[in-house]
Amino acid sequence: MEQKLHVTLLTGRTIEQGVGKEYGKASHEYYDACSMCYMDSDDMRKLGIKSNTNIKVTTPVGSVVLKAVKYPRGPTPGLIYIPYGPWANAICSYATTSIGMPSFKGTPADVEAAPGEKILTIEELLMSEFGR
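4 is the number of the first residue of the sequence shown in the working numbering; add one for each residue after it.
As structure tokens, then:
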């Protein structure tokens, strides 16, 4: 039986994401900075994964495969953090609930190990999301 962890998704900017954007959104630097997910080390242990293992994050909006990375600044049980970018956008709701901005914080999500699944490139992700 596959194990899933129920968590809360937060997204936001990181220094690495900003630097990657300066290289261009098609760059390896941007891909590495944005196609990852920070996780609590105990939560990773519950899923039987280590840093750099592929995971699938699923929200009510969709699913995306990312690289799990241990959150370096301390415990964050029940929370995951994905840097802003197309991978986060693929699983965050576009609904603005009358405030003019989608919510990038507090999205319920499920995380599961996905070692055999591929992290899509930005081109593949955009093609799967928009079909062009």
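Each residue gets a CB set at the ideal place from its N, CA and C atoms; glycine is no exception.
So, residue i versus residue j, is the Cβ gap smaller than 8 Å?
i	j	result
Thr-14	Tyr-74	no
Cys-40	Val-60	yes
Ile-83	Met-42	yes
Thr-62	Ala-112	yes
Rounded to whole angstroms, what is the Cα-Cα separation between residue i and residue j?
i	j	result
Ile-18	Leu-8	27 Å
Thr-110	Leu-12	5 Å
Gly-23	Arg-16	11 Å
Thr-10	His-31	First, the amino acid is wrong: residue 10 is Val here, not Thr. Rounded to the nearest angstrom, the two C-alpha atoms are 28 Å apart.
Gly-27	Thr-124	13 Å
Gln-20	Gly-134	25 Å
Glu-126	Pro-78	34 Å
Ile-85	Asp-35	12 Å
Pro-118	Val-64	22 Å
Please name the residue in the options whose C-alpha comes closest to that of residue i.
i	options	result
Lys-121	Gly-23, Gln-20, Lys-28 and Val-68	Val-68
Ser-44	Arg-76, Arg-16, Leu-129 and Gly-119	Arg-76
Ala-116	Ile-58, Arg-16 and Pro-63	Ile-58
Leu-128	Gly-23, Lys-24, Gln-20 and Ser-66	Ser-66
Lys-108	Ile-94, Ile-52 and His-31	Ile-94
Pro-80	Leu-50, Ile-125, Thr-56 and Asn-55	Leu-50
Gln-6	Thr-62, Asp-35, Ile-52 and Glu-25	Ile-52
Under a Cβ-count criterion, where at least 16 other Cβ atoms within 10 Å of its own Cβ denotes burial, should residue i be classed as buried or exposed?
i	result
Pro-89	buried
Asn-92	buried
Val-114	buried
Tyr-33	buried
Met-4	Residue placement at Met-4 is flagged as unreliable, the pLDDT there being 43, under the threshold of 50; the coordinate-derived value follows with that caveat. Exposed is the call here.
Ala-71	buried
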